[in-house]
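The structure appears right after this line, and notes come after that.
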Amino acid sequence: MKVGRALALAVVLVVPLAAPAAAEPPGPETARIAQAVRAGTLGQDHSVADACTGVLQGHQVDLGCLANLVTQDTSANDPLTTPAPAGFSPQELASAFHLPGPDAGASGLVTIVGVGAYPTLESDLATYRSQFGLPPCTAAGGCLKITDYHGGPPLKPQKALAQVEEAYATETALDVDLASAACPKCRIAMVQIPMDVSRLLNAVLLQQPGELADDFGTAVNYAASLRSGAVSMSYGVPTGVQGTYLGTGAPAQALHHPGMAVVAASGDKGYLGGPQLWPQELPWVTSVGGTSLSGTDGSFVQKAWGSLFTPHGEQQRWVGAGSGCAPDLGPAQGQPAAIAANCSGHRAGSDVAAVADPLTGVAVYRSYAPNGGKAGWLVAGGTSAASPFIAGLYARGGHLSGVDGPNSLYRAPNGTIADVSGGSNAQHGAADCAQVKAVLCTAEPGWDGPTGLGVPVGLGAF
Numbered sequence: 156m157k158v159g160r161a162l163a164l165a166v167v168l169v170v171p172l173a174a175p176a177a178a179e180p181p182g183p184e185t186a187r188i189a190q191a192v193r194a195g196t197l198g199q200d201h202s203v204a205d206a207c208t209g210v211l212q213g214h215q216v217d218l219g220c221l222a223n224l225v226t227q228d229t230s231a232n233d234p235l236t237t238p239a240p241a242g243f244s245p246q247e248l249a250s251a252f253h254l255p256g257p258d259a260g261a262s263g264l265v266t267i268v269g270v271g272a273y274p275t276l277e278s279d280l281a282t283y284r285s286q287f288g289l290p291p292c293t294a295a296g297g298c299l300k301i302t303d304y305h306g307g308p309p310l311k312p313q314k315a316l317a318q319v320e321e322a323y324a325t326e327t328a329l330d331v332d333l334a335s336a337a338c339p340k341c342r343i344a345m346v347q348i349p350m351d352v353s354r355l356l357n358a359v360l361l362q363q364p365g366e367l368a369d370d371f372g373t374a375v376n377y378a379a380s381l382r383s384g385a386v387s388m389s390y391g392v393p394t395g396v397q398g399t400y401l402g403t404g405a406p407a408q409a410l411h412h413p414g415m416a417v418v419a420a421s422g423d424k425g426y427l428g429g430p431q432l433w434p435q436e437l438p439w440v441t442s443v444g445g446t447s448l449s450g451t452d453g454s455f456v457q458k459a460w461g462s463l464f465t466p467h468g469e470q471q472r473w474v475g476a477g478s479g480c481a482p483d484l485g486p487a488q489g490q491p492a493a494i495a496a497n498c499s500g501h502r503a504g505s506d507v508a509a510v511a512d513p514l515t516g517v518a519v520y521r522s523y524a525p526n527g528g529k530a531g532w533l534v535a536g537g538t539s540a541a542s543p544f545i546a547g548l549y550a551r552g553g554h555l556s557g558v559d560g561p562n563s564l565y566r567a568p569n570g571t572i573a574d575v576s577g578g579s580n581a582q583h584g585a586a587d588c589a590q591v592k593a594v595l596c597t598a599e600p601g602w603d604g605p606t607g608l609g610v611p612v613g614l615g616a617f
């Protein structure tokens, strides 16, 4: 099946690798790590940790964000930090996704919706952009805007929630860095949702995420008031016992803004045979899956992201791009009936993909670590890397007047989205989705769950 794209089996693009502009020369250890990232061998000496877990009122909880970090080694959960970047640079991502030069494209507004305070966001973003030769993006220059979700002043840190704020700041750093990589000239708005412990615990422990979803709806409505070209949410929560409210009620309607691309991460736990994560399940939200990206010889190879790890002191854990069906919702906007048929006529996710595997991860800079973490360069991933990258491409492409969810992707011109074949986001491959359709958990020719239509080739789909 072809839907507005060119078919490419596993090897997506063959292009020269570009050296990061103005990058600090790495030391021997950083260079070794960088080589392993690009060769796809980093998992031999390092593991992956979920950046988005924390302890609240004595409960170990999933914080809802979808960032993953490479660890110092296979027996540690502490994030790997390096004095110079080791993950993929913006220039390498531009090559992998065949983007034009940094001056090409529109200079729209990308809004990132996140949670919690991040007092060093502007300086951390400046470090990232300066390291790779991207133009400055400052508040004084009108490029960067940081507010709460009503448009008020940036949030202030809460010392009692240092562990949680450090996790959320890591997510936000990944978001703004990847939006910058996708669209170097775009303006960035950071919209911060206040940290509300009771709402988060209700969502996680009581399966009642309605109030938390309402907060995201408020943030997206504010993003729309700014005339954002695209808004990215690297967050996902199970709908729990409030599936109808999240799927058709106020928070769902708050995320429906034709003319603005609303983008969300598909999830990092692989194929989900049951209920999907919100908000990426909504028909008018572009669900972004993920790939593993490797390239050491002048070419790049992408496959569906899925890996098994045994975190230090924990049981084995499967990570991978989210996919599946939303059985209570209609097809995504513009999603062909042949694709929705994989989900009995319902919304099938995901829609499109970008790099997400932390072991072939991207360079991210974060200095805000109120819980005692190390400042420096991280190697990060998760579909929360892919979501802001795709949002940046929407804003850079600039053809937004007819955008309503992923509809424009499904009618994209041939050759503007490259198919990804190979890999799976399920631990046992197609066997894990044998009761439905194998295409929901394995990357096959045509549309598939882990990578959707495939990965962008330039800006033509946007």
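Here the sequence shown stands for residues 156 to 617, numbered as in the numbering used here.
Each residue gets a CB set at the ideal place from its N, CA and C atoms; glycine is no exception.
Compare the Cα-Cα distances from residue i to each of the options and report the closest residue.
i	options	result
alanine 261	Lys458, Pro339, Ser421, Arg566	Pro339
threonine 327	Pro309, Tyr283, Pro240, Leu276	Leu276
alanine 358	Ala550, Val203, Pro291, Gly395	Gly395
glycine 531	Tyr304, Leu432, Leu280, Pro312	Leu280
alanine 189	Ile494, Ser449, Gly537, Lys311	Ser449
histidine 214	Val352, Gln408, Gly425	Val352
valine 418	Gln488, Leu289, Ala496, Leu248	Gln488
leucine 595	Ile572, Pro349, Tyr390, Leu427	Leu427
leucine 614	Gln318, Ala337, Trp433	Ala337
glutamine 286	Tyr520, Gln363, Val534, Leu564	Tyr520
glutamine 582	Ser462, Thr236, Lys529, Leu221	Ser462
alanine 315	Ala598, Gln199, Leu211, Asn376	Leu211
aspartate 603	Gln590, Thr515, Phe617, Ala585	Ala585
valine 270	Asp512, Val319, Pro434	Val319
Measuring straight from C-alpha to C-alpha, what distance separates residue i and residue j?
i	j	result
arginine 382	serine 522	30 Å
proline 240	lysine 300	26 Å
alanine 492	proline 486	8 Å
valine 203	histidine 253	28 Å
leucine 361	leucine 333	33 Å
phenylalanine 464	glutamine 471	5 Å
alanine 322	glycine 219	10 Å
aspartate 559	arginine 566	12 Å
proline 482	threonine 399	11 Å
proline 291	glycine 372	30 Å
lysine 592	leucine 432	19 Å
valine 612	isoleucine 572	5 Å
proline 234	aspartate 303	28 Å
alanine 177	aspartate 217	Unreliable positioning characterises alanine 177 in this predicted model, as indicated by a pLDDT of 43, which lies under 50. A coordinate reading is not provided.
cysteine 349	glutamate 366	The identity of residue 349 in the sequence shown is proline, whereas the question assumes cysteine. Proline 349 and glutamate 366: Cα-Cα distance of roughly 12 Å.
With a threshold of 16 other CB atoms inside 10 Å of the CB of residue i, please say whether the residue is buried or exposed.
i	result
asparagine 580	buried
serine 335	buried
histidine 501	buried
serine 380	exposed
arginine 354	buried
glycine 242	buried
asparagine 630	Since the first residue of the chain shown is 156 and the last is 617, residue 630 is not available in this structure.
glycine 306	exposed
glutamine 347	buried
glutamate 184	exposed
proline 364	buried
lysine 458	buried
alanine 589	exposed
glycine 477	buried
threonine 515	buried
alanine 191	buried
glycine 527	exposed
What residue range is occupied by the uninterrupted alpha helix (DSSP H) comprising residue i?
i	result
aspartate 370	365-380
leucine 401	398-403
asparagine 562	562-565
alanine 540	538-552
glutamine 246	245-251
tyrosine 304	No alpha helix (DSSP H) contains tyrosine 304, which DSSP labels as neither H nor E.
alanine 493	492-495
glutamine 286	276-286
Round the Cβ separation of residue i and residue j to the nearest angstrom and send it over; I've been treating them as touching at under 8 Å.
i	j	result
proline 605	tryptophan 473	Between tryptophan 473 and proline 605 the Cβ distance is about 13 Å, and since that is not below 8 Å, they are no contact.
glycine 504	serine 447	About 19 Å; that fails the 8 Å criterion.
alanine 272	proline 309	7 Å
alanine 546	valine 386	7 Å
At a threshold of 8 Å, does residue i count as lining the ligand FMN (C-beta to nearest heavy atom)?
i	result
valine 418	The ligand FMN is absent from the structure shown, which contains no ligands of any kind.
Kindly indicate the opening and closing residues of the beta strand (DSSP E) around residue i.
i	result
asparagine 223	223-225
alanine 315	Unbroken run through alanine 315: none, as it is neither H nor E.
valine 575	Valine 575 -> no beta strand (DSSP E), and no H or E assigned at all.
leucine 264	264-270
glutamine 457	456-459
valine 443	441-449
proline 523	Here the sequence assigns tyrosine to residue 523, which means proline is not the residue at that position. Neither: tyrosine 523 is in no beta strand (DSSP E) and is coded neither H nor E.
serine 421	First-last for serine 421: undefined, no H or E at that position.
valine 474	472-481
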